[in-house]
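J.: Residues in the sequence shown are numbered from 9 upward in steps of one, following my numbering.
Just so it is clear, CB atoms sit at the ideal spot from N, CA and C, and this is done for glycine as well.
One structure is given below, represented as structure tokens, and several questions about it will come after.
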Amino acid sequence: MHKPLTDFITGGFDYYGKWRRERSILNFSDLLTRTAALLREDADIRGYFRKRYTHLLVDEFQDTDPIQAEIILFLTGGG
9 MHKPLTDFIT GGFDYYGKWR RERSILNFSD LLTRTAALLR EDADIRGYFR KRYTHLLVDE
69 FQDTDPIQAE IILFLTGGG
């Protein structure tokens, strides 16, 4: 039952993703993953935000997820 069930769930997940893209709908996870990808792939954008914002306050860092931590590191790291 595992394979048919995962195929069914994957199909629904793919359909929902396509449906959202066609309508330009983003959820919170999309915002995080797209921001991380943009910062990861474009050094000019990282540089722009590092120059624009000299300080970054992160409230309750222990509650950040890995994608949020990655964004923070891209914005505050040197390279």
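Residues in the same chain with beta-carbon distance under 7 angstroms from residue 75, minus the five sequence neighbours each way, listed in chain order, please.
T.: 40, 41 and 44
J.: With a Cβ-Cβ cutoff of 8 angstroms, do residue 83 and residue 65 count as a contact?
T.: no
J.: Measuring straight from C-alpha to C-alpha, what distance separates residue 79 and residue 67?
T.: 14 angstroms
J.: Using three-state DSSP, classify residue 67 as helix, strand or coil.
T.: coil
J.: When you measure from the CB of residue 34 to every non-hydrogen atom of the ligand ADP, does any distance come out below 7 angstroms?
T.: Although the ligand ADP was asked about, the structure shown includes no ligands whatsoever.
J.: How would you label residue 34, buried or exposed, when you count the other beta carbons within 10 angstroms and need 16 or more for buried?
T.: Exposed is the call here.
J.: Output the distance between the C-alpha atoms of residue 16 and residue 47, rounded to the nearest integer angstrom.
T.: 34 angstroms
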